[in-house]
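Visitor:
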Amino acid sequence: MRILVCVKRVPAPGSRINVTEDGLSVDTAHLGFTTSPHEECALEEAAQLIEEHGGSVCVLTVGPAEAEEQLRYAASVGGTDFSLVLNDTGQDWDPQQTAASIGEAVHQLEAETGIFDLILFGNESADAGGYQVGVRVAVALNRPIVNGIKGIEVEGESLAASREVDGGIEVYSLPTPAVLGIKEGINLPRYPTMKGRLASKKAEIQTTETKVPAGTQRLVRLHRPEEKVTETEVLGDGPEAATKIVDLLDELGVL
Amino acid sequence: MPGVYVLAEHDRGVTDPATHEAFTAASALAANLGESVVAVCVGSFDSDFEIACSQYGISEGIILTSPLITDYGPEIWGQAVADLLKLCDPRVIVAVGTDKGNEVLAQASARSDMPFVANCVEVEHKADWAITRTQWGGSLLEDVTVSGDFLFLSYAHHAVEPVPSATPSEVTLQLLEVEVDSALTRTLVQERTTLTEGATLSTASVVISGGRGVGSADAFAPLEELAELLSGKVGCSRAVTNNGWRSHADQVGQTGTRIAPEIYIACGISGAIQHWVGAMASKNILAINTDPEANMVTKAGYAVIADLHEVVPAVIDEIKRRRGTT
Ligand SMILES: Cc1cc2nc3c(=O)[nH]c(=O)nc-3n(C[C@H](O)[C@H](O)[C@H](O)COP(=O)(O)OP(=O)(O)OC[C@H]3O[C@@H](n4cnc5c(N)ncnc54)[C@H](O)[C@@H]3O)c2cc1C
Ligand SMILES: Nc1ncnc2c1ncn2[C@@H]1O[C@H](COP(=O)(O)O)[C@@H](O)[C@H]1O
């Protein structure tokens, strides 16, 4: 199986997210970087699929030169080929432009090495959460896509993909080549092993640039939502607080 | 017909209550833009749709039909909604930002090559669209402008309080046949399994969650028992799912489920921003934590600063005592 996984470099914030003075980006002065948990799971799923069926896992990101870090991490947990599409504007492209550049990169990669049987995206990116880049790429390639996927079974030329909906599970059957938006929970991503760390050092990263039209969406300002100041009523500091807790439940009508 | 078109979300004819948020938001937007509201339902007609339109004061409803739309399918629904651009004259097409709402609008926007802005909280149109939307699952807001006349947008789920109209409307329903590509039936739902009947984590009126502080999978037993007593559901933090103590289906937060119960009881959870955004729509929050400085404690309306392993069993005993079941 030839699989492509698309990941996005994002800051890893702590208990709150701070914004730079100009309001144009998250203040990353003291932060590390990561990808969305959904994308980590997509990569893990790809690694498991080729362990079972053979093949390769190409990992692609659109971002600054520093996004090499996320590709090297991917190499340590199962990625086999790596592609960095440079966006050195210092700002995210809008979802239409990001999708167009990924689409172009896929055309190039497929022209060089053959069709990807499966392209995996995260359900949504951790920061922008535009809920669309994967869908746009799939539609441009005229390949089927379903989002929110928490299970994949290979059945000959098609894939059974399942997702959780309120109270149950929906199963889809997609012909390949196919595209899926993966949700956290489909697996538990592995940690890098010693061998993985070596692979990460040796990984060859192919860097490309794209020319796609600018999008229509423009960032004006990031800001934190107004925080409600809450007066916390402390009901106690031990098991004897149970009486007050049950009184509260009673008052709220849930007892 | 021009107007603000709003997508009703349904599962085989049963309207999703989140649709009421979309109807409320669309009506407000339409009033702002000086447009009328048209509700749109894809696939099967059901009296539910008409009732919802009437309750929310919407007098025009369109049902997009095709013999090929036999069930939910992201691609075929998306194409049907995209067809509205050819068949009608929408100023904007909106939905509520549930998984399905965002999926269908992403499909429709990709198929019509139009912008889609997901999870908005404020929308205005001046020279361009001026929008405030959520980033980081709601931890951060982003003001953006979008050029061009038309766009698709979804409203962040739980950001709008549904407000039924004071006077129910007479609803005129129109059936509109759409031409969809038969190849797109490839992503129709093939099979369903029902796991739980009744309330789920996202609809439960009581949610009791455990975090790393619970300590192990087995130590969730008292939380299960308490949830049972209160007809609630058990949730958890990502630390718990990462440890393999519970299934990800129980995870509350940015990459888990968004909940909105009457009361949320968070046991041994620090309240990281990614957890908080999944819980903040709760009407009341009780934090049980040994650390008085934990984010969950300082943000909660009620707190108990103690070991959850002592407090939860005591609450169970107290409930049983009052009910006379011990
Ligand atoms: C992009 C992204 C998305 C994420 N999405 C989610 C998400 O959807 N949901 C989510 O939950 N997290 C999410 N996270 C992870 C999040 O940042 C935190 O790591 C996680 O929520 C921490 O879980 P916790 O509170 O259980 O653990 P900890 O932060 O370790 O907190 C444990 C708490 O338990 C208390 N405690 C310990 N023992 C006891 C005891 N005996 N009695 C009472 N209290 C006790 C401690 O005082 C502490 O406050 C995400 C992170 C990223 C980067
Ligand atoms: N800059 C990027 N580079 C690579 N993949 C991306 C990028 N942005 C988004 N994606 C992929 O598209 C998915 C959906 O992103 P979004 O539409 O922003 O929610 C993400 O989970 C990633 O898999």
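Protein chains in written order, with the numbering used here: chain E, 504 to 758; chain C, 3 to 328.
Beta carbons are placed, not taken as given, at the ideal position from N, Cα and C, and that holds for glycine.
1) Does the separation of the CB atoms of E/Gly526 and C/Asp101 fall below 7 Å?
2) Of the choices C/Val6, C/Val44 and C/Ala283, whose alpha-carbon is the least far from that of C/Ser61?
3) Does the distance between the C-beta of C/Thr196 and the nearest non-hydrogen atom of ligand 2 fall short of 6 Å?
4) Return the residue from the list E/Arg505, E/Leu546, E/Ala577 and E/Thr537 that minimises the CA-CA distance to E/His556.
5) Is the number of C-beta pairs between the stretch 272-289 of chain C and the stretch 243-252 of chain C that are closer than 8 Å three or more?
6) Mind checking whether the beta-carbon of E/Glu542 lies closer than 6 Å to any heavy atom of ligand 2?
7) Tell me which residues of the stretch 160-190 of chain C have at least one Cβ-Cβ distance to chain E shorter than 9 Å, keeping chain order.
8) Name the chain E residues that come within less than 7 Å of C/Ser141, Cβ to Cβ?
9) Select from the stretch 719-731 of chain E all residues with a C-beta closer than 7 Å to any C-beta belonging to chain C, and list them in chain order.
10) Can you find a C-beta in chain E that's less than 7 Å from the C-beta of C/Asp101?
11) If we call anything under 7 Å between Cβ atoms a contact, is C/Ala20 one with C/Ala41?
12) Whose Cβ in chain C lies nearer than 8 Å to the Cβ of E/Gly632?
13) Mark C/Pro224 as exposed unless 16 or more other C-beta atoms lie within 10 angstroms of its C-beta, in which case mark it buried.
14) I need the residues with a C-beta less than 5 Å from some heavy atom of ligand 1; please give them in chain order.
15) Whose Cβ in chain E lies nearer than 7 Å to the Cβ of C/Asn291?
16) Does the beta-carbon of E/Thr592, which I'm using as the reference point, lie nearer than 6 Å to any heavy atom of ligand 2?
17) Can you tell me whether E/Leu507 is buried or exposed? The criterion is at least 16 other CB atoms within 10 Å of its CB, across all chains shown.
18) Compute every distance between the C-beta of E/Val565 and the non-hydrogen atoms of ligand 2, then say whether any falls below 6 Å.
19) Taking C/Ser235 as the reference, give the member of C/Lys128, C/Thr198, C/Asp115 and C/Thr174 with the closest Cα.
20) Suppose the cutoff is 6 Å on Cβ atoms and the five residues either side in sequence are ignored; what does the same chain contact list for E/Gly688 look like?
21) Note down the Cα distance separating C/Gly36 from C/Val98, rounded to an integer number of angstroms.
22) Using 7 Å as the threshold, is the C-beta distance between E/Ala577 and E/Leu546 below it?
23) How would you list, in chain order, the residues of chain C whose beta-carbon sits under 7 Å from the beta-carbon of E/Gln599?
24) With a 10 Å radius around its C-beta and 16 neighbouring C-beta atoms as the bar for buried, classify C/Gln176 as buried or exposed.
25) Is the closest heavy atom of ligand 2 to the C-beta of E/Phe536 under 6 Å?
26) Go ahead and pull the three-state DSSP assignment for E/Asn650.
27) Is E/Thr601 near ligand 2 - that is, is its Cβ less than 6 Å away from at least one heavy atom of it?
28) Could you run through the stretch 28-46 of chain C and flag, in chain order, every residue whose CB is less than 8 Å away from some CB of chain E?
29) Quick one: list the residues of chain C neighbouring E/Val749, beta-carbon separation under 8 Å, in chain order.
30) Taking 6 Å as the line, does the beta carbon of E/Lys511 fall inside it for any heavy atom of ligand 2?
31) Mind listing, in chain order, the continuous beta strand (DSSP E) runs of no fewer than 3 residues lying wholly within the stretch 272-319 of chain C?
32) Which whole-angstrom value describes the C-beta separation of C/Gly270 and C/Gly213, a residue pair presumed to lie in contact below a C-beta threshold of 8 Å?
33) Check each candidate in C/Ile265, C/Met298 and C/Ala201 and name the one with the smallest Cα separation from C/Gly215.
34) Out of C/Gly59, C/Asp13 and C/Glu105, state which residue places its alpha-carbon closest to the alpha-carbon of C/Ser46.
35) Should C/Asn104 go down as buried or exposed, given a rule of 16 or more other Cβ atoms within 10 Å for buried?
36) Can you tell me whether E/Pro678 is buried or exposed, with buried defined as 16 or more other CB within 10 angstroms of its CB?
Guide: Let me lay it out:
1) no
2) C/Val6
3) no
4) E/Arg505
5) no
6) yes
7) Ala185, Leu186, Arg188, Thr189 and Leu190
8) Ile520
9) Thr719, Gln720, Arg721, Leu722, Val723, Arg724, Leu725, His726, Arg727 and Pro728
10) yes
11) no
12) Ala120, Asn121, Thr136, Gln137, Trp138 and Gly139
13) buried
14) E/Ala629, C/Gly213, C/Arg214, C/Gly215, C/Ser239, C/Arg240, C/Ala241, C/Gly255, C/Gln256, C/Thr257, C/Gly258, C/Gly270, C/Ile271, C/Ser272, C/Ala274, C/Gln276, C/His277, C/Asn291, C/Thr292, C/Asp293, C/Ala296, C/Asp309 and C/Leu310
15) Here the premise fails: no neighbours, minimum Cβ distance about 11 Å.
16) no
17) buried
18) yes
19) Note that residue 235 of chain C is Lys in the sequence shown here, rather than Ser. The candidate whose alpha carbon is nearest that of C/Lys235 is C/Thr198.
20) Lys653
21) 21 Å
22) yes
23) Pro117
24) exposed
25) no
26) strand
27) yes
28) none
29) Val317, Glu320, Ile321 and Arg324
30) yes
31) 286-291 and 304-307
32) 4 Å
33) C/Met298
34) C/Asp13
35) buried
36) exposed
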